[in-house]
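In my numbering, the protein residues as written are 637 to 1005.
Virtual Cβ for every residue (Gly too), placed ideally from N, Cα, C.
Written below as structure tokens is the structure these notes are about.
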Amino acid sequence: MTIPALFLVGASHRTAPFSFREKLALGAEAEAGLAGELADMGSMLEFAVLNTCNRVEIYGVSADADGPGRVAAAFCARQHVNPADFQEFGHAKRGRDAVGHLLEVSSGLDSQMLGETEIFGQVKRAYAAAQARGTAGPILNRLFQKAFQSAKLVRTHTAVTTGQVSVANVAVDLALDVFGDLAKARVLLLGAGEMAEKSGRALQSRGVRRVSVSSRHIARAGRLAADLGADAVPFENRESRLAEADIVVCSTAAPSTVISANAVAAAMRIRPARPLLLIDLAMPRDIEVAAGELPGVFLYNLDDLARVAEKNRRARQAEAVRGRLVLAPRADALWEQVRNQLVIGAGTRETPADEACPIGRPMAPAAFA
């Protein structure tokens, strides 16, 4: 009898360049569609989709060892991605390595900004979505709940989260470098989600007084504007308001750019003596790349912010090592528990399929086979 296999497939900042990660980004509709396809696969016993700015990873329990290949094929087809490219830039892990990976991800140890804490909430939302869909069963329930406990343990026993490690805080540091005093800076937030709120509050904490919010969903823009004491701007007026802004923070879920280089150029002709800081936190990008080549314009995307944060990263490297030492025995124990569940669930004492193939290496051309 075949033992169910625990696995993950996906791609992240570690292996995939920004331009390829843009192709993988799942909008809400695409994520729901993918979840429907995976649910229709008779061999998929459980699954959860972790979809963030810097990673898309699908954690699954398959009735056989071919689950990763089927999941990867479905994902590539939906995103119109060449499977060979996905094999080159993605990764696949099984068994103990999949367990250890999720524990490190949840703890911020695998993040582009080492030690950032936003990922904890993103993993919780991915698990909650799987529960709501009914695709989280006994294996993933145990795996994710233990991951949350482990993340809290790492934060308690290490200093890996010390320093300006959130995207919002790094964005504020950039604004301070460009403008110095932010009291007179005018901010335009495009997007009204969690990242926009955090960015707005972080900027206000450093002295920003004038904030505007614009979103494709006007009601959400209004709510965030009210919370921040800001004004709401109709989304169709976003580009015409660029000339008034000093800092523009973009974090929409739009499938393509929402700020053109031409619009930025037009704004700079009106305000040639003042720099314009554009911070693009979206995946895929909200701002045309060519905008960053204009005089007086400073454009930063997620990878740029990670490089800015690198100066703080070195101070946290030792803490990350400590964090992994904390997690290793927990991952071992958790895998043993999960392994026993898989074996007992199959009604046999045979070796799980997870242990019958190479794991934990960067994806090779045959990794999904």
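(message) Please state whether the Cβ-Cβ distance between Asp922 and Val894 is less than 8 angstroms.
(response) In the sequence shown, the residue the question calls residue 922 occupies position 286. In the sequence shown, the residue the question calls residue 894 occupies position 258. Contact annotation: Asp922 and Val894 have beta-carbon atoms nearer than 8 angstroms.
(message) Quick check: Met680 and Ser655, are their CB atoms within less than 8 angstroms of each other?
(response) Residue numbering aside, residue 680 sits at position 44 when the sequence shown is read from its first letter. Residue numbering aside, residue 655 sits at position 19 when the sequence shown is read from its first letter. Their beta carbons are not under 8 angstroms apart, which means Met680 does not touch Ser655 by this criterion.
(request) Find out if the Cβ-Cβ distance for the pair Ser850, Leu810 is shorter than 8 angstroms. (result) Stepping through the sequence shown from its first residue, residue 850 is reached at position 214. Stepping through the sequence shown from its first residue, residue 810 is reached at position 174. Not a contact, by the Cβ cut-off of 8 angstroms.
(message) Given this structure, state the Cα-to-Cα distance separating Arg845 from Leu878, to the nearest angstrom.
(response) Here residue 845 refers to the residue found at position 209 when the sequence shown is read from its first residue. Here residue 878 refers to the residue found at position 242 when the sequence shown is read from its first residue. Taking the straight line from one Cα to the other gives about 17 angstroms.
(message) If I follow the unbroken beta strand (DSSP E) through Lys729, where does it start and stop?
(response) In the sequence shown, counting from the first residue as 1, residue 729 sits at position 93. Element bounds for Lys729: 727 to 730.
(message) Could you tell me which whole beta strand (DSSP E) segments of length 3 or greater appear in the segment 884 to 951?
(response) 912 to 916, 933 to 936
(message) When you compare the CB positions of Gly779 and Val974, do they come within less than 8 angstroms of one another, or not?
(response) Within the sequence shown, the letter at position 143 stands for residue 779. Within the sequence shown, the letter at position 338 stands for residue 974. Looking at the sequence provided, one finds Leu at residue 779 rather than Gly. Yes, these two residues count as a Cβ contact at 8 angstroms.
(request) Put His649 into one of helix, strand or coil per three-state DSSP. (result) Within the sequence shown, numbered from 1, the residue matching residue 649 stands at position 13. Three-state DSSP puts His649 in coil, outside helix and strand.
(message) Under 8 angstroms: do the segment 874 to 893 and the segment 906 to 913 share three or more Cβ pairs, one atom per stretch?
(response) yes
(request) Pick helix, strand or coil for Val796, following the three-state DSSP scheme. (result) Here residue 796 refers to the residue found at position 160 of the sequence shown. Of the three classes helix, strand and coil, the one that applies to Val796 here is coil, per DSSP.
(message) Let me check one thing: in DSSP terms, what residues is Leu642 bridge-paired to?
(response) Counting from one through the sequence shown, the residue named residue 642 turns up at place 6. Answer is Val697.
(request) Give the secondary structure of Ser679 by DSSP, where H, G and I count as helix, E and B as strand, and everything else as coil. (result) Indexing the sequence shown from 1 puts residue 679 at position 43. Ser679: coil per DSSP, three-state reduction.
(message) Relative to the C-alpha of Ala584, which candidate in Gly959, Leu938, Ala828, Ala666 has its C-alpha closest?
(response) As displayed, the chain neither begins before 637 nor continues past 1005, which places residue 584 out of reach and without an answer.
(message) Would Ser896 and Pro920 be called neighbours here (beta carbons separated by less than 8 angstroms)?
(response) Looking up residue 896 in the sequence shown gives position 260. Looking up residue 920 in the sequence shown gives position 284. No, the pair does not count as a contact, with Cβ atoms beyond the cut-off.
(request) Compute the Euclidean distance between the alpha carbons of Glu724 and Pro653, then round it to the nearest angstrom. (result) Numbered from 1 along the sequence shown, position 88 holds the residue referred to as residue 724. Numbered from 1 along the sequence shown, position 17 holds the residue referred to as residue 653. The straight-line gap from Cα to Cα measures roughly 11 angstroms.
(request) Spatial neighbours of Ile755 within its chain, please: CB distance less than 6 angstroms, with the 5 preceding and 5 following residues excluded, ordered by chain position. (result) Working through the sequence shown from its first residue, we reach residue 755 at position 119. Answer for Ile755: Gly744, Ser747, listed in chain order.
(request) Check the C-beta distance from Ala804 over to Gly843 and give it rounded, since I have them as a contact under 8 angstroms. (result) One-based indexing of the sequence shown puts residue 804 at position 168. One-based indexing of the sequence shown puts residue 843 at position 207. So it is not a contact: roughly 15 angstroms between Cβ atoms.
(request) Report the residue from Val884, Glu830, Asn873, Val885 whose alpha carbon sits nearest the alpha carbon of Arg859. (result) Working through the sequence shown from its first residue, we reach residue 859 at position 223. That would be Glu830, whose Cα lies nearest to the Cα of Arg859.
(request) Taking only heavy atoms of the ligand GDP into account, decide whether any of them is closer than 7 angstroms to the Cβ of Asn805. (result) In the structure on display, the ligand GDP does not appear, and there are no ligands present to speak of.
(message) Using DSSP's beta-bridge definition, name the partner residues of Arg846.
(response) Within the sequence shown, residue 846 is the residue found at index 210, counting from 1. Per DSSP, Arg822.
(message) Closest to Ala855 by C-alpha separation, out of Ile915, Phe871, Gln840, would be which residue?
(response) For this step, residue 855 is matched to residue 219 along the sequence shown. It is Phe871.
(request) Identify which residue in Leu662, Gly703, Lys659 has its Cα closest to the Cα of Ala675. (result) For the purposes of this step, residue 675 is taken as the residue at position 39 of the sequence shown. Nearest C-alpha to Ala675 among Leu662, Gly703, Lys659: Gly703.
(request) Compute the Euclidean distance between the alpha carbons of Leu826 and Leu670, then round it to the nearest angstrom. (result) The count along the sequence shown starts at 1 and reaches residue 826 at position 190. The count along the sequence shown starts at 1 and reaches residue 670 at position 34. One Cα belongs to Leu826, the other to Leu670, and the distance between them is close to 27 angstroms.
(request) Could you tell me how far apart the beta carbons of Phe1017 and Ala807 are, in whole angstroms, since I believe they sit closer than 8 angstroms? (result) With the chain running from 637 to 1005 in the structure shown, residue 1017 is simply not present.
(message) So, for Asn976: in the same chain, excluding its five sequence neighbours on each side, which residues have a beta-carbon less than 8 angstroms away from its beta-carbon?
(response) One-based indexing of the sequence shown puts residue 976 at position 340. So no residue of the chain qualifies.
(request) Report the residue from Gln953, Thr797, Ala641, Glu658 whose alpha carbon sits nearest the alpha carbon of Ser648. (result) The residue given as residue 648 occupies position 12 in the sequence shown. Comparing Cα-Cα distances from Ser648 to each of Gln953, Thr797, Ala641, Glu658, the minimum goes to Glu658.
(request) Report yes if the CB atom of Thr794 is closer than 8 angstroms to the CB atom of Glu673, and no otherwise. (result) By one-based count along the sequence shown, residue 794 stands at place 158. By one-based count along the sequence shown, residue 673 stands at place 37. Contact: no.
(request) Please report how far the alpha carbon of Met999 lies from the alpha carbon of Val645, in whole angstroms. (result) Taking the sequence shown and counting its residues from 1, the one referred to as residue 999 is at position 363. Taking the sequence shown and counting its residues from 1, the one referred to as residue 645 is at position 9. Reliability of the predicted coordinates at Met999 is poor, the pLDDT of 39 falling under 50, and no value is obtained from them.
(message) Beta-carbon within less than 7 angstroms of Val933's beta-carbon, same chain only, minus the 5 sequence neighbours each way: which residues are those?
(response) Residue numbering aside, residue 933 sits at position 297 when the sequence shown is read from its first letter. Here the set comprises Val900, Met904, Leu912, Leu914, Ala927.
(request) Have a look at Cys886 and Ala942 and give me their C-alpha separation to the nearest angstrom. (result) As a working note, residue 886 is residue 250 in the sequence shown. As a working note, residue 942 is residue 306 in the sequence shown. In a straight line, the C-alpha of Cys886 is about 16 angstroms away from that of Ala942.
(request) Mind checking which residues open and close the alpha helix (DSSP H) that includes Ala862? (result) Sequence index remark: in the sequence shown, residue 862 carries index 226 (1-based). Segment 854 to 864, the alpha helix (DSSP H) holding Ala862.
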